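So the structure is just underneath, and the comments pick up after that.
Number of protein chains: 4
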Amino acid sequence: MERNIRVRELDSRPMEQREIELVERKGIGHPDTLCDGVAESVMRALSQEYLDRFGSVLHHNTDEAQLVAGRSNPEFGGGEVIEPIYILIVGRATKEFQGEYVPTDSLALKAAREYIRDSLHNVDMETDVVVDVKIGEGSTDLKDVFELDDGEAPNANDTSFGVGYAPFSDTERTVYEIERGIYDDLRERNPAVGEDVKVMGKREGDTLDLTVAVASVSEHVDDVDGYVSLMDDVEEYVYGVAEEHTDCDVDVYLNTADDREEGSLYLTETGTSAEMGDDGSVGRGNRANGLITPGREMSLEAASGKNPFNHIGKIYNILAHDLAEDVAAEIEEVDEVGIKLLSQIGSPIDQPQVAAVNLHAEDGITSDIEYEAESIVDDGLEDVTSVTERIIRGDVSTF
Amino acid sequence: MERNIRVRELDSRPMEQREIELVERKGIGHPDTLCDGVAESVMRALSQEYLDRFGSVLHHNTDEAQLVAGRSNPEFGGGEVIEPIYILIVGRATKEFQGEYVPTDSLALKAAREYIRDSLHNVDMETDVVVDVKIGEGSTDLKDVFELDDGEAPNANDTSFGVGYAPFSDTERTVYEIERGIYDDLRERNPAVGEDVKVMGKREGDTLDLTVAVASVSEHVDDVDGYVSLMDDVEEYVYGVAEEHTDCDVDVYLNTADDREEGSLYLTETGTSAEMGDDGSVGRGNRANGLITPGREMSLEAASGKNPFNHIGKIYNILAHDLAEDVAAEIEEVDEVGIKLLSQIGSPIDQPQVAAVNLHAEDGITSDIEYEAESIVDDGLEDVTSVTERIIRGDVSTF
Amino acid sequence: MERNIRVRELDSRPMEQREIELVERKGIGHPDTLCDGVAESVMRALSQEYLDRFGSVLHHNTDEAQLVAGRSNPEFGGGEVIEPIYILIVGRATKEFQGEYVPTDSLALKAAREYIRDSLHNVDMETDVVVDVKIGEGSTDLKDVFELDDGEAPNANDTSFGVGYAPFSDTERTVYEIERGIYDDLRERNPAVGEDVKVMGKREGDTLDLTVAVASVSEHVDDVDGYVSLMDDVEEYVYGVAEEHTDCDVDVYLNTADDREEGSLYLTETGTSAEMGDDGSVGRGNRANGLITPGREMSLEAASGKNPFNHIGKIYNILAHDLAEDVAAEIEEVDEVGIKLLSQIGSPIDQPQVAAVNLHAEDGITSDIEYEAESIVDDGLEDVTSVTERIIRGDVSTF
Amino acid sequence: MERNIRVRELDSRPMEQREIELVERKGIGHPDTLCDGVAESVMRALSQEYLDRFGSVLHHNTDEAQLVAGRSNPEFGGGEVIEPIYILIVGRATKEFQGEYVPTDSLALKAAREYIRDSLHNVDMETDVVVDVKIGEGSTDLKDVFELDDGEAPNANDTSFGVGYAPFSDTERTVYEIERGIYDDLRERNPAVGEDVKVMGKREGDTLDLTVAVASVSEHVDDVDGYVSLMDDVEEYVYGVAEEHTDCDVDVYLNTADDREEGSLYLTETGTSAEMGDDGSVGRGNRANGLITPGREMSLEAASGKNPFNHIGKIYNILAHDLAEDVAAEIEEVDEVGIKLLSQIGSPIDQPQVAAVNLHAEDGITSDIEYEAESIVDDGLEDVTSVTERIIRGDVSTF
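Chains as they are written, first to last, in our numbering: chain A, 1 to 399; chain B, 1001 to 1399; chain C, 2001 to 2399; chain D, 3001 to 3399.
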């Protein structure tokens, strides 16, 4: 069956040409992102377990982790967590299938604890975090069973949609890479750098203001001087990353809530503000491409934790993003492309109601461009089940 | 101090001129919206209590309610809720001030229970819902105390932003009014109509597809025929509302997940799917204007439950929406306007970093238009504290 | 089959002849007793529901309610509950039988809320108490189904025992009646009297010291004078009850933890100390006869909340108490009697391993006495299922 | 001040002379005992922390742990835990003192997790158990601060009592040693032996029936034959221990709920029935001497988790037991002794209202015996604070 793919001109001015641009990224250690990560790791654990047991993925959605902040008393050289962070895993899963029980709650508990332990260097799972589980019984109809191998696209679970775009603007790239660099690079080299990082970029014309918050880890900060020196390093690092990705004039505002005179600093025990007052939940932070971009088309879907085989809000957001990247990469003339995929409940997910491809090319959309874009999207939809596989393998990030 | 207000041309094609438009509204009884409502009612109760006791609003944010779905066994003529819905109120509040305890948890409990009882006609608070509370101690610095009367704008709690636009497109208006009509009008006349309503509008050119889900209340539905007849009424009602608000060709798809042959219908005990498998949380549904509009600029901020006096993500989203409505209403030439307000942490909230006003006028932006728009926005910012008052009085909806 | 009933002389000196006697009763509003009451009311609700649906009682045990104290700020004339009391209903129940779901959790929630509301005049269920439920799925084998009508005794669920004795000593009677009087009589006449009452009696020879704690309800106490006057009334009342039931010299010590100089008084909002720091759980208070009597044989079984048809720890404790009362009442010569019933797991509960009847008669145990005692116990065991009926009807108290 | 110590003849026939005797012990892995252990380990952690920080023990009581059973699917060779066991730590503690925060909740979490891990060889803390904390703020008045060194006895927190006796009867010794042997000896040699052991002894005249339940660990049991062989070993072991401690004719009934024909065996994953339906809470199992002895004087006090410096229900139960052991050991003529200690709220705990010493000596109580018994009890009360030290060091078991 032919797919309803429509290639049109962008509805908006390309991002680089707009005067004001706002972009945000909440880092891995931000309470909302932690919840996304927990939800997604629980989903992966369950999917894999279903595959191992039954050769197919059964119905589940674990997209509602709730984090209740703890209380801490950070001090230079090391203070303490007073009340543990509380994380409640919420969702639905198939707990019994073909007469066999699946230990969904135990698996979820383990996956969540592992995820938190792996993501935060300075958290002590014996004292700092309580993980609790409320996963309801979901039912798996025979028609819901998804077998990876048979290559047939499952039916959409809802009438919903996904959106994506490409490429990142310079501002977006800058914001994204700053957090990634701090987490993957700077933090590995400097144990005083925490995982709770928040980057907000505001570009006005050629000026980019970067408001950055980075938690420090008190055990590795001896005193105010140590803190100041640490933040100098972070600032320098941020300027360095920015320089690589943007030609704008950059101003960095780091930990603006600090009041160094009063000794009010962003000091934590665990590297995350979840320890002292910041609650979190799934789907309130980064979109599937890792950013919050109010000037772009965005879905409000919380992709993290949703099942990877027929949940449209998850699959189409990931796929739209991937297809946009492919279009932008493979068609030289395309400066910017946005893709919207709209499902029809009950129809195979490789047959969206509409795949709307909006793009901008300097010299207009030629029939070649149109044909190429259509082909890329068509192939991508044909191969939609590979998204499922990649999600389960953990090759796709949803935050 | 002069405010940084910038009036420019829209970055996007006006919505009515775009070929594809997607709009969604989750009704009052949707699990996510229930959480928004609980969070906001708890916030109002606390704000009012602080005012009554101290003449000022103290620090709090109760924006993280988590709903864990129950389990039910709906039957024609009335079945039963088997496992209650569980709602956890999460947040921070000032529990002690000037030596006086504030019963924040008890107030929150009461406000949440009242809200659920008022919002859902068919819920029995003695059997169907458990409301639990985990509100942490937040601290109120003297500088954080907000006195309504003194007219001075408080300082922003964060570097964040709000966005708004006006007017609603026909599609948006249609989607919005359908849910409002079903809840406020149809439901009052027909007790079989539940509160969990979801409306998704997809306009392609001049064709508007409305995918509508409406829960029925089993006690008032005798059998399949009763259900079919009820849904016929709902469908007729939806067509009626649509006709008032759009000139598109309208197709309504009602409860598409039903399988009438197999007796799989959207039957509930309480009027909400929260009773049987749909979890919910704050900030995952409607934006402050009541809609989810991926084609518009959107903030991901969960406005509901945030404190009403210095939480930028709440105040600026509401204000941007209001100002956009004022500009669209008062300046005849303006077809569409989008407003972005960006705060500076620590600066008074009536002095945003930038207020970006993007608008479209058939014949271009004249200096008169520019001046008028600036004035409206300037006045609105000057009067920002009135937003706080209106939030506390419950005159502003955040969902 | 003949029953193994053994009548022997008491192993202990009759209580009235001992020099030291300690007796305690925790009143209805004491946190532990509240939990007993919640557990028992949940059990009754479930039993009745099973009977109504299936004509038989299915497997369940709801004997583990846990109460976590709230926090309050009592003030003369009325203060407030700051943090609600949290009650977690814990247990096992049959949630599905013969293809039908039983709304065990919703029923439990309702029964518990009703019980608390009925037991405490001054509690506001909208603000002062959170009731939560964690009832696990228990399985009902066919052999476990208990039909009231068929008259056949079910098999014991365990090798366990029950103990009882009669009559109450004067001290026991006094302690018991003081609490009963304060709750049923004085409290009805004086709204300032709370439900949390604790009575400890210590008799040394002919001197009975009564240490009594009685919560006052702040709304109905205007000031210190009001409190003093209230406590004078309570004290007078206690002396009055004591006079009726004992010939000892009585000394009453009322609210000994008060420090009137420092204004430290036993003032509460709700009538129970559960509002401000006293946690509670099932089975830590009164035995099935309503008392704690370290000098008597006691079972540690938490009778409250256990299923009423084959749970030995419940049924045998109640039955042993009843049979002892019958023996003491019907056989004139018997001054005191203690009964122990020991079950054999898997054997019918009307066939205990042994029914040990130890009694004291002024002139020794004649064969007539022995025969009469045996007959009473034999008849009681024959009719054991009537205990089940009485439990379900609420005619038997377990605390 | 002279102490009110009264030495009298026993009120009961010495236990060895009674015809029927019932004794029970719930092993370390029984859900109730697990809760006792958690409560006590949390208490020790807090006491030690207070000592380390302030040189004195501050007010706390953590005596209300609640265990909600999990769900498991045990299979020969290893099955799985499906739903984790949930343990809620409940209590009060001083969270702030002299301006310093004490991380009570984090400490409690750690202590509880360590205790469970140490007590159960086969539990996986990452998947099998959720530990949660609800510890309320308790206040420490200056008068409540207990300094170990100053040697002064603190005041009693309540009018309450403790009871103890010595020596163990042969039946008691047998029951006690069977569980101790299985846990400390047999389990170390045979990994298939679980920690959830329950021993009930019923002596009628010279016949001792031992009803023993011992969980097996499925990973180390290959099949029914393996199970049968394991239970043969356990049975032999039990007979062996019994032989050492009693001259009665012994009959052992092992795992009487098993139905080997139907394959219904006492198979577990973790070694405890808490994994599959048996809830637990503090104070429902063994008394401070490690036994449940309905024929003895017993206190219902839940000693575990209570603060070790002024909680009478804890200290007097432990002390009464110790003093009884001393009297029985040091005064050759004494066959049996029972001790009751009754406090006076607000009075120093080394000055009980009465210390009642009831004992039996073959040839009556001589003045020498009386004098010696008084001296032992007097010295013990003088040295009451050493009980506190021993509790904190973990040298005293309360279960």
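Here a beta-carbon is modelled for each residue, glycine too, at the ideal position from N, C-alpha and C.
As the structure is a computational prediction, the values presented were derived from the model and not from experiment.
Strictly under 8 Å for the Cβ-Cβ distance: is residue i near chain A by that measure?
i: Val3384 of chain D; result: no
i: Ser1299 of chain B; result: yes
i: Asp3350 of chain D; result: no
i: Thr1211 of chain B; result: yes
Using a C-beta cutoff of 8 Å, does residue i count as contacting chain D?
i: Gly2283 of chain C; result: yes
i: Thr127 of chain A; result: yes
i: Thr2398 of chain C; result: no
Quick one: list the residues of chain D neighbouring residue i, beta-carbon separation under 8 Å, in chain order.
i: Tyr2086 of chain C; result: Lys3134
i: Glu219 of chain A; result: Under the 8 Å cutoff, chain D gives no residues; its nearest Cβ is about 15 Å from Glu219 of chain A.
Within 10 angstroms of its Cβ, does residue i collect 16 or more other Cβ (buried), or is it exposed?
i: Tyr371 of chain A; result: exposed
i: Gly3164 of chain D; result: buried
i: Val2224 of chain C; result: exposed
i: Glu188 of chain A; result: exposed
i: Ala329 of chain A; result: exposed
i: Arg3173 of chain D; result: buried
Counting only beta-carbon atoms, is residue i nearer than 8 Å to chain B?
i: Val90 of chain A; result: yes
i: Gln66 of chain A; result: yes
i: Arg2113 of chain C; result: yes
Between the Cα of residue i and the Cα atoms of the options, which residue gives the shortest distance?
i: Asp1335 of chain B; options: B:Leu1359, B:Met1276, B:Asp1326, B:Ala1355; result: B:Leu1359
i: Glu1275 of chain B; options: B:Lys1110, B:Ser1218, B:Val1042; result: B:Ser1218
i: Gly1280 of chain B; options: B:Asp1185, B:Gln1344, B:Ile1089, B:Ile1082; result: B:Ile1089
i: Gly290 of chain A; options: A:Gly263, A:Val7, A:Asp36, A:Thr207; result: A:Asp36
i: Arg3006 of chain D; options: D:Val3377, D:Asp3278, D:Arg3187; result: D:Val3377
i: Leu341 of chain A; options: A:Glu19, A:Ser160, A:Leu58; result: A:Ser160
i: Arg1018 of chain B; options: A:Asp11, A:Glu19, A:Glu24; result: A:Asp11
i: Ser56 of chain A; options: A:Leu265, A:Val42, A:Leu46; result: A:Leu46
i: Asp2232 of chain C; options: C:Tyr2253, C:Glu2244, C:Cys2248; result: C:Tyr2253
i: Gly226 of chain A; options: A:Gly263, A:Glu389, A:Arg13, A:His59; result: A:Gly263
Run through chain A and tell me which residues come within less than 7 Å of residue i, C-beta to C-beta.
i: Tyr3101 of chain D; result: Asn73, Ile82
Show which residues of chain C have a CB atom less than 7 Å away from the CB atom of residue i.
i: Arg3008 of chain D; result: Glu2019
Does the beta carbon of residue i sit closer than 8 Å to a beta carbon anywhere in chain C?
i: Met3200 of chain D; result: yes
i: Asp3279 of chain D; result: yes
Along chain B, which residues have their Cβ under 8 Å away from the Cβ of residue i?
i: Thr295 of chain A; result: The question names Thr, yet the displayed sequence has Gly at residue 295 of chain A. Ordered by position in chain B, the residues that pass the 8 Å Cβ test against Gly295 of chain A are Asp1011, Glu1297.
i: Leu22 of chain A; result: Phe1161, Lys1340, Leu1342
For residue i, which residues in chain B fall below 9 Å Cβ to Cβ?
i: Lys2110 of chain C; result: Asp1124, Glu1126, Thr1127
i: Val214 of chain A; result: Within chain B, no residue comes near Val214 of chain A; the closest Cβ sits about 14 Å away, beyond 9 Å.
Name the chain B residues that come within less than 7 Å of residue i, Cβ to Cβ?
i: Asp2105 of chain C; result: Ile1082, Glu1083, Pro1084
Whose Cβ in chain A lies nearer than 9 Å to the Cβ of residue i?
i: Val3440 of chain D; result: A query on residue 3440 of chain D cannot be resolved here, the shown segment of chain D reaching from 3001 to 3399 and no further.
- Given 8 Å, three or more beta-carbon pairs between the stretch 3050 to 3060 of chain D and the stretch 3189 to 3204 of chain D: no
- Segment contact, 8 Å Cβ cut-off, at least three pairs: the stretch 2288 to 2299 of chain C with the stretch 3292 to 3309 of chain D: yes
- Message: Could you check whether the stretch 378 to 388 of chain A touches the stretch 319 to 327 of chain A, counting it as contact only if at least three pairs of C-beta atoms, one from each stretch, sit closer than 8 Å?
- Response: yes
- Would you check if there are 3 or more beta carbon pairs closer than 8 Å linking the stretch 116 to 124 of chain A to the stretch 91 to 106 of chain A? no
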